[in-house]
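A short worksheet on the structure shown next.
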Amino acid sequence: MIGRGVERAMGIATVIGLAVGLYSACVYAPADAVQGESQRLMYLHVPLILISYLAFFVVFVASILYLWRRRRQYDAIAQSSAEVAVLFTALSIAVGSIWGRPTWGTWWTWDARLTTTAILLLVFVGYLMLRALVDDPSRGGTFCAVLGILGFLDIPIIHMSVVWWRTLHQPASILRPGPSTVALDMQVALYANLVAFGLLYVYLLIKRLQIEGARDELLRLQMELLG
Amino acid sequence: MIFARRVLAIAWKDLVAEWRDRESITAMCFFAFLVLFLFNFALGGDQALIRGASSGLLWLAFAFTAVLGLARSIQGELANDCLDGLLLYPAEREAIFLGKLCSSFSVILLVELFSFPIFAVLYNMDIWSQFPKLLLITVPATLGFATAGTLLATMTVGLRAREAMLPFLLFPLTIPLLLSAVRGTEVVLRGEAFELAMPWLKLMAAFDVLFLVGSLLTFELLIEE
Chain A
1127 MIGRGVERAM
1137 GIATVIGLAV
1147 GLYSACVYAP
1157 ADAVQGESQR
1167 LMYLHVPLIL
1177 ISYLAFFVVF
1187 VASILYLWRR
1197 RRQYDAIAQS
1207 SAEVAVLFTA
1217 LSIAVGSIWG
1227 RPTWGTWWTW
1237 DARLTTTAIL
1247 LLVFVGYLML
1257 RALVDDPSRG
1267 GTFCAVLGIL
1277 GFLDIPIIHM
1287 SVVWWRTLHQ
1297 PASILRPGPS
1307 TVALDMQVAL
1317 YANLVAFGLL
1327 YVYLLIKRLQ
1337 IEGARDELLR
1347 LQMELLG
Chain B
823 MIFARRVLAI
833 AWKDLVAEWR
843 DRESITAMCF
853 FAFLVLFLFN
863 FALGGDQALI
873 RGASSGLLWL
883 AFAFTAVLGL
893 ARSIQGELAN
903 DCLDGLLLYP
913 AEREAIFLGK
923 LCSSFSVILL
933 VELFSFPIFA
943 VLYNMDIWSQ
953 FPKLLLITVP
963 ATLGFATAGT
973 LLATMTVGLR
983 AREAMLPFLL
993 FPLTIPLLLS
1003 AVRGTEVVLR
1013 GEAFELAMPW
1023 LKLMAAFDVL
1033 FLVGSLLTFE
1043 LLIEE
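Keeping their order, the protein sequence lines are chains A and B.
So the first sequence is numbered by our numbering: it starts at 1127 and just counts up by one.
So the second sequence is numbered by our numbering: it starts at 823 and just counts up by one.
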């Protein structure tokens, strides 16, 4: 589907991007005045979650296109993007948890945004499980496309319910992460990492699509051999 | 008109089949009773604690019970190739979905109506004076569960791990319903102003509309596969 040259170029760009991101996060940007060194986890945590939102959106759009046009490519994109999205969300929650421990004094809190993200992760882990359990690829594609679309559209409703649940039920949490205004150096480091993880996402997506293409090819060859 | 009659015909077929063996409704009623009964021991019999947690307990029991019924509703169509027969029925696919939805919804609602008095007696709750309001919360929540559940049960029915997969897909998606129903019931049981439950009712309406429209648009694709 995608040429070797493009893949290699993306791979090199990703490596450079991640190196620059790592440098800007660990060396270039100053340590936070209040939180100290642990605040540097933000450069991992925030880009991961933002890119995973993008990836979930890609799942949503590709799912609609698949149901509409019935082309295998769209299904492959949705599935690949969902896998990367689940990985990034899980990593972001894990990193956020490690960051939360020294900053908030707890690994986990039922804050509205945290809760919504955890539910989002659960919905799409279900999506991947459903995909793995359905033997027929065309059926799996259709089922997952429906789940991908409804799951994505359900997120605003889930978020609203969780926000109301927190605010109507008990006073707003005092736990607020990070400084309210971000220093310029920190912004640069954050954007550098955002670009780096964006590149990583695209690279992983290409790799994943190639595996999917190889799998289809294998299936086709098997069918040919068996007549 | 014809469409509505077809929907009712399918729902009626399901309900008659259910009435003849009463297998699923007996299991659901007994299960709901058991869950409500066991919560007492889970919370150590502390009456104040139980009162505070009561609406959450009630809705957890309903959610578990609903999954039991939803799985069986589609499951029943697998025996003797009933599903193929159902697909040959000269009706729109949407009618089949709505028929299935109607029958599942009625069965779940019936089990809930059976559970309310048990709940009231076991935990010494006065629910009768508030009963109409309680129904206003229960009906949209049950409708949402039944809609999302019927759609997801259609997907999971042919799977090896269907017993695990249906709740795994259904519960995260229906968290808004569970939250709304629990908060709404809390408002009613504590005798607070009903306006407090309005945002939750609107949220449930949004959920119901999303899943109804989504199901009607996509059910044909799912069932053809």
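The beta carbon of each residue, even a glycine, is placed where N, CA and C say it ideally should be.
Counted within 10 angstroms of its Cβ, other Cβ atoms place residue i as buried (16 or more) or exposed
| i | result |
| --- | --- |
| Met1349(A) | exposed |
| Ile918(B) | buried |
| Lys1024(B) | exposed |
| Glu845(B) | exposed |
| Cys924(B) | buried |
| Ile1138(A) | exposed |
| Trp841(B) | exposed |
| Thr1235(A) | exposed |
| Tyr1253(A) | buried |
| Leu1331(A) | buried |
| Val1260(A) | buried |
| Arg1346(A) | exposed |
| Met1136(A) | buried |
| Phe967(B) | buried |
| Pro994(B) | buried |
| Tyr1169(A) | buried |
| Arg1130(A) | exposed |
| Val829(B) | buried |
| Ala826(B) | exposed |
Bridge partners - residue i, DSSP secondary structure assignment
| i | result |
| --- | --- |
| Gly1162(A) | Asp1158(A) |
Close Cβ partners of residue i (< 7 Å) along its chain, the five nearest in sequence each way excluded
| i | result |
| --- | --- |
| Ser928(B) | Leu837 |
| Leu992(B) | Val889, Ala970, Gly971, Leu974 |
| Leu1144(A) | Ala1322, Leu1326 |
| Ala875(B) | Leu865 |
| Ser1206(A) | Leu1331, Arg1334, Leu1335, Glu1338 |
| Phe1186(A) | Gly1274, Ile1275, Phe1278 |
| Arg1196(A) | none |
Distance, residue j Cα to residue i Cα
| i | j | result |
| --- | --- | --- |
| Tyr1329(A) | Leu1217(A) | 17 Å |
| Val1141(A) | Ala1322(A) | 8 Å |
| Ile1045(B) | Gln1165(A) | 50 Å |
| Asn946(B) | Asp868(B) | 13 Å |
| Leu1352(A) | Val1132(A) | 35 Å |
| Glu914(B) | Lys922(B) | 13 Å |
| Trp834(B) | Ile824(B) | 15 Å |
| Leu905(B) | Arg894(B) | 13 Å |
| Ile1175(A) | Val1184(A) | 14 Å |
| Ala870(B) | Asn862(B) | 11 Å |
| Leu910(B) | Arg1257(A) | 28 Å |
| Ser1299(A) | Val961(B) | Bear in mind that a pLDDT of 40 at Ser1299(A), under 50, signals an unreliable position, so the model cannot answer this. |
| Thr964(B) | Pro998(B) | 12 Å |
| Arg1341(A) | Glu985(B) | 29 Å |
| Asp1237(A) | Arg1292(A) | 7 Å |
| Leu892(B) | Ser926(B) | 6 Å |
| Phe990(B) | Ala1159(A) | 43 Å |
| Leu1039(B) | Val933(B) | 29 Å |
| Asp1280(A) | Thr1241(A) | 14 Å |
| Ile896(B) | Met1026(B) | 24 Å |
| Ile1029(B) | Gly1277(A) | The question names Ile, yet the displayed sequence has Phe at residue 1029(B). The straight-line gap from Cα to Cα measures roughly 11 Å. |
| Glu899(B) | Arg873(B) | 41 Å |
| Leu988(B) | Ala901(B) | 19 Å |
| Leu920(B) | Asp948(B) | 35 Å |
| Glu1008(B) | Ser877(B) | 6 Å |
Other residues of its chain near residue i: CB distance less than 6 Å, five sequence neighbours each side excluded
| i | result |
| --- | --- |
| Tyr1200(A) | Ala1188, Leu1191, Tyr1192 |
| Trp1022(B) | Ser1002, Arg1005, Gly1006 |
| Val1010(B) | Gln952, Lys955, Leu956 |
| Ala1211(A) | Ser1178, Ala1181, Phe1182 |
| Leu1167(A) | Val1221, Trp1225 |
| Phe859(B) | none |
| Gly1266(A) | Arg1257, Val1260 |
Sequence-distant residues of the same chain with beta carbon closer than 8 Å to residue i, five excluded per side
| i | result |
| --- | --- |
| Phe1214(A) | Leu1174, Ile1175, Ile1177, Ser1178, Ala1181, Phe1323, Tyr1327 |
| Ala1244(A) | Ile1219 |
| Phe855(B) | Ser937, Ile940 |
On the three-pair Cβ rule with 8 Å, is the segment 998-1014 of chain B touching the segment 1285-1292 of chain A?
yes
Decide yes or no for the touch test of the segment 966-978 of chain B against the segment 934-943 of chain B: beta carbon pairs closer than 8 Å, at least 3 of them. no
query: Three or more C-beta pairs closer than 8 Å, one from the segment 1179-1195 of chain A and one from the segment 1258-1271 of chain A: is that the case here?
result: yes
Cβ contact (3+ pairs, closer than 8 Å) linking the segment 1307-1323 of chain A and the segment 1154-1168 of chain A: Between the segment 1307-1323 of chain A and the segment 1154-1168 of chain A, the count of Cβ pairs shorter than 8 Å is three or higher; the stretches touch.
Next on the checklist: Whether or not the segment 973-987 of chain B and the segment 872-886 of chain B are in contact is what I'm after, with contact meaning three or more pairs of Cβ atoms, one per stretch, closer than 8 Å; do they touch?
Outcome noted: no
| contact_flag[the segment 1012-1019 of chain B, the segment 1032-1045 of chain B] where n(CB pairs < 8 Å) is 3 or more | no
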